[in-house]
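K.L.:
Sharing a structure below in structure tokens format, with a few things to ask.
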Amino acid sequence: MKFVMAIIKPFKLDEVRDALTGIGVHGLTVTEVKGYGRQKGHTEIYRGAEYAVSFLPKLKIEVAVASESVEKVVEAIASAAKTGQIGDGKIFVYSIDQAVRIRTGETDTDAL
Amino acid sequence: MKFVMAIIKPFKLDEVRDALTGIGVHGLTVTEVKGYGRQKGHTEIYRGAEYAVSFLPKLKIEVAVASESVEKVVEAIASAAKTGQIGDGKIFVYSIDQAVRIRTGETDTDAL
Amino acid sequence: MKFVMAIIKPFKLDEVRDALTGIGVHGLTVTEVKGYGRQKGHTEIYRGAEYAVSFLPKLKIEVAVASESVEKVVEAIASAAKTGQIGDGKIFVYSIDQAVRIRTGETDTDAL
Amino acid sequence: MKLSSVLRWGAPVLAVGLLAAAGAYAQEAAAPAADAAAAAAPAAPTPNKGDTTWMLVSTVLVLLMTVPGLALFYGGLVRTKNMLSVLMQVMAIACLVMIIWAVYGYSLAFSDGGGLNSFVGGFSKAFLAGVTTSTTVESFSRGVVIPELVFVCFQMTFAAITPALIVGAFAERIKFSALLLFTVLWVTFIYFPMAHMVWWWPGPEFASTNPAEATVAGAGLIWSFGAIDFAGGTVVHINAGITALVGALVLGKRVGYGKDLMAPHSLTMTLIGAGLLWVGWFGFNAGSNLESNGYAALAMINTFLATAAAALAWMFVEWMAKGHPSMLGLASGAIAGLVAVTPAAGFAGPMGSIVLGIIAGVICFVACTSIKNALGYDDSLDVFGVHCVGGVIGAILTGVLVNPDLGGAGVVDYTLDNGAGTAGAYSLATQVIAQCKGVLVTLVWSGVGSFILYKIVDVIVGLRVTEEKEREGLDITEHGERAYNM
Amino acid sequence: MKLSSVLRWGAPVLAVGLLAAAGAYAQEAAAPAADAAAAAAPAAPTPNKGDTTWMLVSTVLVLLMTVPGLALFYGGLVRTKNMLSVLMQVMAIACLVMIIWAVYGYSLAFSDGGGLNSFVGGFSKAFLAGVTTSTTVESFSRGVVIPELVFVCFQMTFAAITPALIVGAFAERIKFSALLLFTVLWVTFIYFPMAHMVWWWPGPEFASTNPAEATVAGAGLIWSFGAIDFAGGTVVHINAGITALVGALVLGKRVGYGKDLMAPHSLTMTLIGAGLLWVGWFGFNAGSNLESNGYAALAMINTFLATAAAALAWMFVEWMAKGHPSMLGLASGAIAGLVAVTPAAGFAGPMGSIVLGIIAGVICFVACTSIKNALGYDDSLDVFGVHCVGGVIGAILTGVLVNPDLGGAGVVDYTLDNGAGTAGAYSLATQVIAQCKGVLVTLVWSGVGSFILYKIVDVIVGLRVTEEKEREGLDITEHGERAYNM
Amino acid sequence: MKLSSVLRWGAPVLAVGLLAAAGAYAQEAAAPAADAAAAAAPAAPTPNKGDTTWMLVSTVLVLLMTVPGLALFYGGLVRTKNMLSVLMQVMAIACLVMIIWAVYGYSLAFSDGGGLNSFVGGFSKAFLAGVTTSTTVESFSRGVVIPELVFVCFQMTFAAITPALIVGAFAERIKFSALLLFTVLWVTFIYFPMAHMVWWWPGPEFASTNPAEATVAGAGLIWSFGAIDFAGGTVVHINAGITALVGALVLGKRVGYGKDLMAPHSLTMTLIGAGLLWVGWFGFNAGSNLESNGYAALAMINTFLATAAAALAWMFVEWMAKGHPSMLGLASGAIAGLVAVTPAAGFAGPMGSIVLGIIAGVICFVACTSIKNALGYDDSLDVFGVHCVGGVIGAILTGVLVNPDLGGAGVVDYTLDNGAGTAGAYSLATQVIAQCKGVLVTLVWSGVGSFILYKIVDVIVGLRVTEEKEREGLDITEHGERAYNM
Ligand SMILES: Nc1ncnc2c1ncn2[C@@H]1O[C@H](COP(=O)(O)OP(=O)(O)O)[C@@H](O)[C@H]1O
Ligand SMILES: Nc1ncnc2c1ncn2[C@@H]1O[C@H](COP(=O)(O)OP(=O)(O)O)[C@@H](O)[C@H]1O
Ligand SMILES: Nc1ncnc2c1ncn2[C@@H]1O[C@H](COP(=O)(O)OP(=O)(O)O)[C@@H](O)[C@H]1O
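Residue numbers (our numbering), protein chains in the order written: chain L, 988 to 1099; chain Z, 988 to 1099; chain F, 988 to 1099; chain S, -1 to 484; chain G, -1 to 484; chain R, -1 to 484.
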């Protein structure tokens, strides 16, 4: 099994979720994160204090999938999340050894 | 070493932590996440606008453990987090190459 | 490629980011998390109700790097995040199979 | 234009004196009070615009206490997932009671009740019949009146906030429909009669021109004890506070109580609420003088000083007992002081109010921490510990602090000096006993009555939401929305 | 000291009667109204301090409605990223209009306009020329005056809040510079003339001592129709509401409308705002009586009851239609009730206000849910559905509920009893037709006028921010700051 | 019933004229002012209820400014972890000062100080001795009085808010116990004397019936300069502002200042606070007239216009200088305008107030941005830049704008027309010099005095928390609670 973790722009969440549902992935976990990268931030001014804000709001999406689906999942996310603008984000894939569905105790791909 | 990541229902946090402490795990990291899965969400209505909210609040728990403890850690989490209702969550296990305790510079299992 | 995940004290973020930029790492993702460990929490009292709060605010930093840079990245984070006080946090390293830059479709180290 | 004699506290020492020497009066029971008063009025006085303005403003201030004041004070104390439910409960109760007030509440509270007059009014003013822009009611000074519609509005805000206070006791678990039903029943069977028992009397004109016995005979039960209550310590605070305790016991504890973190989701909101409550309370207390004069100013300074003293007292005692002075403690103390000074506002002297505040702050602190934890009931937001306990302290000590020797204002005896407002004789024992009788009747009437009403509502619609709904939070399950989408 | 005759609604039945029998009057057109009135005043009355205080307080209350009331009500409804932009829009508009008001707004609204007097005033009071601490204006009772500076302040707050109401329609997408420019143009060409058309008349002294025709001849256009509007249903709510709809249509939908989650970021703020709006609205409605008497009290109780009734009505109808009673529904209903009762406040009876509230609550609910969704425009915060729809309901039903047979107060005919305040004859048809004419003129003047102004502003600075900025949020892109850094 | 002559600003031009020709007066030093005034009063005037109501309301409004107004304004500007500490500091200070005020503060400020009378009052009114529901104090019109208890309350709120203003300077790092101790010392040694020096004078009755020299002889030091200050620009704003600067310097910078993100945690709260400050400030400024008449209305319109002008001025200048108009800028400008118009409120004309607002908005912007950054002190919430700088601007320009030729109200000379309220002669140089002397005395008294007090407190309990506590935040470390548990 693999874990696909994607950092995307927040307003792309619904599109990504739809894309994943479209290819049969029905579970995922989302986290609000802040990203730092090439995309430039902005300056905030509060009276005399100016702050260069370089961390931008992003969403992290995590999906556990069977190894054989990884490619199409990455594909789906990549195309749904893409705007072509800087800051679109990244997708990382790594292996997982085990998965358990707490409710039933099912394991591995049955658990996803 | 292994990383055990569990997605659980928020109100189960204390029980899970107690279960882990019970088996000698004294460190963990918790993140507020939103989960999408089989558990159905709800509809929110704000005047004329209706939104189907399918992302539900969950907690992600991350524990780094020595490889040999993985089984009982997974076990402990699974039984503490279980309500038997849909949406109880998942546990994922993956390998880590290295761990460092920042304060002391200790590494690997000493760092946990 | 490797993923370096560090749990640090929140006020160390800027120093860590500077340290990473210093060694040429220009992308990272930050998550607000709560940590439980040896560092003792505090007690909060609201009228008659007392709560022992043992989860403390921490930041999780995630950086994907080429395998060869891992060491110096870990080093950089560890020394920037260190106060020598309990609760400084941990660094974990694990392998990733694949990385994709959504905007361009570049993969692996090109994507970082 | 008929002069209404519907009025409030002010001269019960007269009643007290009377009770002490009741046999001395030979005259028969007076004619129904209101009629008699109306008949007695020779030329109708016209309202002073300064008074009218003060009462308009006071009314607005009491609304401010309720929405958004009380709503925020309570709302900040619950968990995020129940925020809207609390805000909504407070506001929906207020709206509901306003309508009921206009339909029959004002009449039940402030009209002659015929044979039941000791306990409740009648329906002669239902739908505000006969209340026009030119009818007036008397204040506490002979010959001083205000437009009746202002009085209706002012009293309406009291009726609206009182049941909203109870919300704090069963917050985070009550079913919304049950709450609405309970509110309708509670104001009808508990609040309106209580208001009548405490506040209905024949008024200064009648009292100045008739023997004291006749005045007492025409008054509500608790008024006739000679109990004094400047702005509603019994009717509002003890009444709501005891109903709250009963509610907390009947509904039972919240799921996870004593185990889960139930910390206030936003003490910021609680502070805003506390501030607005304080600000609005000047309408409540100083407005209860019904006239813009030195006594309104006295009620104002007492409402400043008792509150400040109680806030500091709670803060310091908490600092000593728990190691930290907390903002919630400071704010809770302020509310305890406000509650305690409510009956005393126009009666105590400034220094007496400081003492009263200190006592209230310390005792309410103990009630909300040690005692509550010892007894183990789950009064979510400490309505009992603050409003009932603070209310009882205030009610009883008012009987002491009104003493002119302690700097108090004394109590007017309208039979003296042709109703010029002269204070009557003061007896500590007599007054304190009268106060205690008033408190006891309130505790029994409201405690027993509300218990019955809770049970009725439980049978009809069920009081509590399911455990699953409680866990998910009332905002989403009862109201289909969330307080924050940050 | 000259007595200004600048005044407001009060006796249009007189006008109505007049129009019905216009031919009966033989006299020539009156001299310019203000002069005549001034000449007619024999000895200048002095203000009663109770009235002055009431108007000072009412003015403060209307500011409370705006900042922070309206700002929070709206702010809570937008997404976090636009919170500050809304707060700022409301406050900046208010500040801007205050300055304009002192410079020429008061003069355009409340001075004689010469040849254009039916539509707009002149510049004789520009820079508040001639307005001093000793000049006064008449209230609606003959011989009762208040300091002119108080009236200037009170009316200034009306002018300040009205354009701020419109903000809700194009929130989350308008360019800040465009908003400021639009505001300047809008108050100048729409609001000041509207205020003049509705509120300018020769005043009680003149009306009591001159034939009705002369009074009508010196009044603004809508006043001369005989339309009644106690506190500004047309000038404020219909006016802002229709401008809002036009704005929503001209600017187009928000990016992501109907697709993205646009849930209110903090209904807590919305509730605070709703509460403060209610509290402040008593200044708006009861203050519009310009005098502290039984009619102010009537306006007050109506403002309580219609609001409570509308809040409950919206809540119950939503409960039935959607399955949940929501806090936003309760609060929206309250605002709908406040809007609807604005023109009726001092005219309807309490029971009539309850009926009015129920009707407004139900219809505005339908307007903001079914109708809005059916038509598909994106009026972000339902300014049209609440203020325009509620305003029209109120304006028309005021014509019905003023009927003394329905418990209404009737309308003073100053030509009777030497201007003592006696109600004139009432004719349902006549009054309702007058009301409808007033509504229509407002819809047309404001609808067409604001359309033109939007287009002008679009050409000069552009109305909307870029899509990218809209997506990032106006707080950062337009104002360089964020509402929350938690 | 004795008539107190304790009163405030109003006729210092009289003093100015006097000083200019001091040698002309032959009479001996007047008897102690209060006694003389009392003796001079033939028949005690009774309060007008309209005035009484206005002062009751104004008092409530000033409380609203403090809690929750100021608490929120400041609270929103700090980081989440210090939110409660700020809310608590403001409220605890207010409570503490209220008690002190009743115990000896009122007496020190508003009673005759015997030999020290130029600087401070005595203890004759300690514990509010002799203050009853029937004692009164004079307003600024001869023969117009208000109940003394109202005056005590009104002035109490001034004493309560002033030290709370200072909090902004050392927020996020001061020890709570140190703050309480400092407050006690500061009001005792700085505030009460300042209030006495600026506001104590023999009153209109005395001034109308005695030579000017006698009036001056019985007044406080700064009053005797002939400086005018309508609502407390010196006593409140310059006083608090300079103490704040000294505090910021003595305590030193916050840990991480200039490095860490210290953005306001909730500008929403700051906006609510700014709105409530504005709303409440009408009590402060227009209430300072002590009477409900055209001058209260003048103070009101000036408080609208200067505020709006300053808000817009800050916004536009920031827009030009920094590229964005910010909400915090708009709100800060509003506060700057409010501060600046405080001394000028009843003296300037409306157009003068607009000019004053623009100047204050621009200069305070520069003070809070460029100057502050250049000097490098860490006045956390810009108390100095807004209150001291704005206060000085206002104080000095008041001397200019009071000029009747510029639309100002002039200053009453009670020796003319038998005390009817006629304005005396105006000399720009004389008045501005008097203003500057007042400002200088305030800066020195308060600057030096507070420096000493800070040092004393530092020795006794220590001013700052430890670095570790500062980093974790005062909410948890000092108060054991958190503002938000979302
Ligand atoms: N090396 C990295 N490790 C972890 N997260 C990264 C890394 N580089 C970028 N990110 C995440 O991806 C987001 C987008 O990256 P950025 O460089 O701004 O644009 P792009 O994805 O178009 O190259 C960042 O905001 C950050 O959250
Ligand atoms: N494939 C997946 N990858 C990552 N997280 C998942 C996945 N499937 C489910 N989850 C997480 O687990 C939670 C529970 O899953 P759900 O399908 O609702 O119920 P159950 O765990 O009982 O099957 C989800 O809310 C989501 O956070
Ligand atoms: N086994 C673990 N797995 C995951 N996170 C851990 C683990 N142990 C500690 N942490 C994280 O590291 C943080 C610091 O740990 P703690 O034991 O308090 O101090 P130290 O790092 O100095 O040993 C914790 O708050 C928690 O977030």
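In this text, a Cβ means the ideal position worked out from N, Cα and C, and glycines have one as well.
What residues in its chain sit with their C-beta under 6 Å from that of G/A294, if we drop five residues either side in the sequence?
P.N.:
Hits under 6 Å: A284, N287.
K.L.:
Return yes when at least one heavy atom of ligand 1 lies under 7 Å from the C-beta of R/K435, else no.
P.N.:
Checking every heavy atom of ligand 1 against the Cβ of R/K435, none is found closer than 7 Å.
K.L.:
From G/A38 to G/T213, what does the alpha carbon distance come to, in whole angstroms?
P.N.:
Model confidence at G/A38 stands at a pLDDT of 46, short of 50, so the residue's coordinates are unreliable; what they give is reported in the following sentence. The alpha-carbon atoms of G/A38 and G/T213 are separated by roughly 13 Å.
K.L.:
Given a cut-off of 8 Å, decide if R/G417 and R/A157 are closer than it, judged by their beta-carbon atoms.
P.N.:
Not a contact, by the Cβ cut-off of 8 Å.
K.L.:
Between the beta-carbon of S/M313 and the beta-carbon of S/G74, is there less than 8 Å?
P.N.:
No.
K.L.:
Go through its chain and collect everything with a Cβ distance to S/A19's Cβ below 6 Å, but skip five positions before and after it.
P.N.:
Residue confidence is low: S/A19 scores 34 on pLDDT, short of 50, so the model does not pin down where it sits. No coordinate-derived value is stated.
K.L.:
If we call anything under 8 Å between Cβ atoms a contact, is R/G383 one with R/K370?
P.N.:
A contact, by the Cβ cut-off of 8 Å.
K.L.:
8 Å is my cut-off, CB to CB: does G/E26 come that close to chain R?
P.N.:
With a pLDDT of 33 at G/E26, under the threshold of 50, the modelled position of that residue is not reliable, and the figure given next carries that caveat. Chain R, which has no Cβ nearer than 8 Å to the Cβ of G/E26, makes this no.
K.L.:
For F/K1077, is the beta carbon positioned less than 7 Å from some heavy atom of ligand 3?
P.N.:
The answer is yes for F/K1077.
K.L.:
Which partner residues does R/M154 have in the DSSP bridge list?
P.N.:
Paired residue(s): none; R/M154 is not in a bridge.
K.L.:
Buried or exposed for F/G1071, going by 16 or more other Cβ atoms inside 10 Å?
P.N.:
F/G1071 comes out exposed.
K.L.:
Any idea if R/T241 is buried or exposed, counting beta-carbon neighbours within 10 angstroms, 16 or more meaning buried?
P.N.:
That one is buried.
K.L.:
State the DSSP-derived secondary structure class of F/E1093, mapped to helix, strand or coil.
P.N.:
Correct three-state label for F/E1093: coil.
K.L.:
Measure the alpha-carbon distance for G/G478 versus L/G1035 and round it to whole angstroms.
P.N.:
Each residue's alpha carbon lies about 13 Å from the other.
K.L.:
Would you call G/T155 buried or exposed, if buried means 16 or more other Cβ atoms sit within 10 Å of its Cβ?
P.N.:
Classification of G/T155: buried, given that the 10 Å Cβ count is 16 or more.
K.L.:
Less than 8 Å between C-beta atoms, sequence neighbours within five positions excluded: which residues of the same chain meet that for Z/R1090?
P.N.:
Cβ neighbours of Z/R1090 beyond the five flanking positions: none.
K.L.:
Identify every run of the beta strand (DSSP E) within the stretch 120 to 154 of chain G, keeping only runs that are complete inside it and at least 3 residues long; order them along the chain.
P.N.:
Segments of the beta strand (DSSP E) lying fully in the stretch 120 to 154 of chain G: 134 to 136, 143 to 145.
K.L.:
Can you check the stretch 189 to 213 of chain S for any alpha helix (DSSP H) of at least 4 residues that lies completely inside it and give the ranges in chain order?
P.N.:
Runs of the alpha helix (DSSP H) inside the stretch 189 to 213 of chain S: 190 to 197, 202 to 207.
K.L.:
Since R/T367 meets chain L, which of its residues come closer than 8 Å, beta carbon to beta carbon?
P.N.:
R1034, G1035, listed in chain order.
K.L.:
By Cβ distance below 6 Å, which residues in the same chain neighbour S/P191 in space, the five residues on each side in sequence not counted?
P.N.:
So the qualifying residues of the chain are F117, V118.
K.L.:
Assign G/D110 to one of two classes, buried (16 or more other C-beta atoms within 10 Å of its C-beta) or exposed (fewer than that).
P.N.:
Buried is the call here.
K.L.:
Answer yes or no: does any C-beta atom of chain S fall closer than 8 Å to that of Z/E1019?
P.N.:
So, not an interface residue.
K.L.:
By the three-class DSSP mapping on this structure, what secondary structure does R/A332 have?
P.N.:
It is helical.
K.L.:
Does the stretch 454 to 472 of chain S come within contact of the stretch 438 to 445 of chain S, defined as at least 3 CB pairs closer than 8 Å?
P.N.:
Judged by Cβ distances under 8 Å, the stretch 454 to 472 of chain S makes no contact with the stretch 438 to 445 of chain S, as fewer than three pairs qualify.
K.L.:
Mapping DSSP to helix, strand and coil, what is L/E1002?
P.N.:
Three-state result, L/E1002: helix.
K.L.:
At a cut-off of 7 Å, would you count G/Y452 as near ligand 2, judging by its Cβ distance to the nearest heavy atom?
P.N.:
Because no heavy atom of ligand 2 lies under 7 Å away, the Cβ of G/Y452 does not count as near it: no.
K.L.:
Within the 8 Å Cβ cut-off, does Z/V1087 reach chain F?
P.N.:
Taking Cβ atoms only, chain F reaches closer than 8 Å to Z/V1087, which makes this a yes.
K.L.:
Would a check of beta-carbon distances place R/D376 closer than 8 Å to chain L?
P.N.:
Closer than 8 Å: no.
K.L.:
Helix, strand or coil: which one does DSSP assign to R/L259?
P.N.:
It is coil, neither helix nor strand.
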